[in-house]
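Working notes, beginning with the structure itself.
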Ligand SMILES: Nc1ncnc2c1ncn2[C@@H]1O[C@H](COP(=O)(O)OP(=O)(O)O)[C@@H](O)[C@H]1O
Ligand SMILES: [Mg+2]
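Residue numbers (this note's numbering), protein chains in the order written: chain Z, 91 to 280; chain E, 1439 to 1839.
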């Protein structure tokens, strides 16, 4: 569990999108799990993202016309071509873990901000990725909701060993992480 | 791709009012398509039935060989024999050909006839008429005499004549009254009016009379053979090909109705072209409507498309979702438009019962299947552009990080 710390505009999001294979760096190399992700084509990157990387964004996180469960199941369903009972069961478990038992079949547009971010965390975990990239996941939340989300992330990190890279400009949030990486002006400074 | 279908239907049901409007727009286009098809088809049918359709499709008439001309070696014409006005050429072997012609595919009815000119006399009044002898019991084989009868019956027994309303009025003839029919070769018969018809065709109503074939034999002194064979087909448009076939089979000069009807064909063609034109516009409207609605939708859903791409949805999946939306809209609009068109055509009189003053709509020519198929294809094509632009959405900018 690592924090990416730095002021606004310092390049945190940029780094995360590159690490998430959504953007290619103008120079340099990026390999993960032995795969060269700079040379890979769109198809291979899509597949790689689906299996190995989970995302939690700051805004526009969920598909508003789908329920909480349907959102969580998406990464598996899009790969398998349908929503299997197995996938639904796992999605439900994840939502229960996020304390959203009562919101499983809720339209995601009707959830509160904190609930949405917890659904997003559940979805990021759906395909058991090695790495979850969270770009200011608590940026839009009040203190209580933010802490609740961070506690859940810490718990998953502890129990399942999933790596979380969380960008934030909040020292307190960063303090919850084992490692802090500081960026400034597009350069890792510490 | 079941999952893509789920996403597509959810997108359509998520904004119900917008989808309903879009489907309605497509349905209106399809409605116009169906309505135009029924109108153009019905109109063509109507015009053909009022001109040639319900008369004959193929006619075999005896070759009336040009009278021989005697020419001297230096080219001087020595003698010309005038064509006999009273004698008509005959088809002496008609009886042997009839069963052959009946077996030709597409032939619905074959009617051997004896035709000629004559005078109808009732007291002091005389009218020049064209006499046709028809086989008793098959009077309506070509011209639907039964359907046109306004008084009496079309049955042609011996001693019976059936004539048109105009002619009956001209001669003040009533049903059952007798008259004298004299043929152009001088034979005559006393006949009773068995039926009066009204076809709506001035010529036929004013100057045609029908008698039985045996009566005509007497009148025109033709103990055997006929002067004309009229043939009706199941498909009006197959007349040329069938005529060639009959000619090859029998060696007789079979003439399709299209011969000498070039102007009519041209008019019908022009009418059909107008129909295609309007139908094409209806389809173009559908395509533009679907394309613009979906393009708007892809723009509105950019962040979601970005999320889906980040979650591992490939470009193909995004394209599938949007093309499926187009196909669904086309299918729904096509089905409802065709159903609306069918319902709107129901109140119009059927093909056999065109009434003056109404549009000759033909509900059977609505091209429903074609309308639906073309609409689905059009909608799918229309969704390709929006779908491609959706697939090209850059997840990073779309998610707005
Ligand atoms: N290493 C870099 N090289 C070039 N441009 C960068 C670099 N890092 C950041 N930027 C630019 O800086 C701007 C802000 O970066 P961003 O990642 O949004 O910062 P943050 O998320 O920390 O607020 C972006 O327009 C980005 O293109
Ligand atoms: Mg940022």
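Beta carbons are placed, not taken as given, at the ideal position from N, Cα and C, and that holds for glycine. Source: prediction; values computed, not measured.
CB contact flag (residue i, residue j, <9 Å)
i	j	result
residue 1694(E)	residue 1552(E)	no
residue 214(Z)	residue 146(Z)	yes
residue 1727(E)	residue 1467(E)	yes
residue 1473(E)	residue 1779(E)	yes
residue 1483(E)	residue 1798(E)	yes
residue 243(Z)	residue 211(Z)	yes
residue 1687(E)	residue 1538(E)	yes
residue 1657(E)	residue 1684(E)	no
residue 276(Z)	residue 98(Z)	no
residue 1565(E)	residue 1528(E)	no
residue 1732(E)	residue 1820(E)	yes
residue 1667(E)	residue 1532(E)	yes
residue 1628(E)	residue 1601(E)	no
residue 1571(E)	residue 1648(E)	yes
residue 1469(E)	residue 1710(E)	no
residue 1475(E)	residue 1803(E)	yes
residue 1631(E)	residue 1653(E)	no
residue 190(Z)	residue 158(Z)	yes
Residue burial classification, residue i (beta-carbon count within 10 angstroms, cutoff 16)
i	result
residue 1510(E)	exposed
residue 1841(E)	Because residue 1841(E) is not part of the residues shown, which for chain E are 1439 to 1839, the question remains open.
residue 1524(E)	Unreliable placement is indicated for residue 1524(E), whose pLDDT of 49 sits below 50; no coordinate value is reported for it.
residue 1665(E)	buried
residue 1612(E)	exposed
residue 1592(E)	buried
residue 107(Z)	buried
residue 103(Z)	buried
residue 1641(E)	exposed
residue 1729(E)	buried
residue 217(Z)	buried
residue 1563(E)	exposed
residue 1801(E)	buried
residue 96(Z)	buried
residue 1610(E)	exposed
residue 1831(E)	buried
residue 1692(E)	buried
residue 1455(E)	exposed
residue 280(Z)	exposed
beta-carbon residue i near ligand 4 non-hydrogen atom, thresh 8 Å
i	result
residue 1741(E)	Because ligand 4 does not appear in the structure shown, any question about it cannot be addressed here, the ligands present being ligand 1 and ligand 2.
CB-CB length for residue i against residue j, believed under 8 Å
i	j	result
residue 154(Z)	residue 199(Z)	4 Å
residue 1749(E)	residue 140(Z)	7 Å
residue 267(Z)	residue 134(Z)	Contact doesn't hold; Cβ gap of about 30 Å is too wide.
residue 1758(E)	residue 1442(E)	4 Å
residue 1547(E)	residue 1579(E)	4 Å
residue 1542(E)	residue 1680(E)	6 Å
residue 252(Z)	residue 219(Z)	7 Å
residue 1576(E)	residue 1549(E)	6 Å
residue 209(Z)	residue 161(Z)	6 Å
residue 1448(E)	residue 156(Z)	7 Å
### Query
Among all residues, which have a Cβ less than 6 Å from at least one non-hydrogen atom of ligand 1, and in what chain order do they fall?
96(Z), 98(Z), 99(Z), 100(Z), 101(Z), 102(Z), 103(Z), 104(Z), 276(Z)
### Message
For the region 1668-1679 of chain E against the region 1630-1648 of chain E, do three or more pairs of beta-carbon atoms, one drawn from each stretch, fall closer than 8 Å, so that the two count as touching?
### Response
no
### Query
Would you call the region 1739-1754 of chain E and the region 1822-1838 of chain E touching, i.e. three or more CB-CB distances under 8 Å?
yes
### Message
I'd like to know if the region 113-123 of chain Z and the region 171-180 of chain Z are in contact, where contact means that at least 3 CB-CB pairs between them fall below 8 Å.
### Response
no
### Query
Given 8 Å as the limit, is there contact between the region 219-233 of chain Z and the region 246-258 of chain Z, that is, 3 or more CB pairs closer than that?
yes
### Task
Would you check if there are 3 or more beta carbon pairs closer than 8 Å linking the region 1812-1828 of chain E to the region 1751-1766 of chain E?
yes
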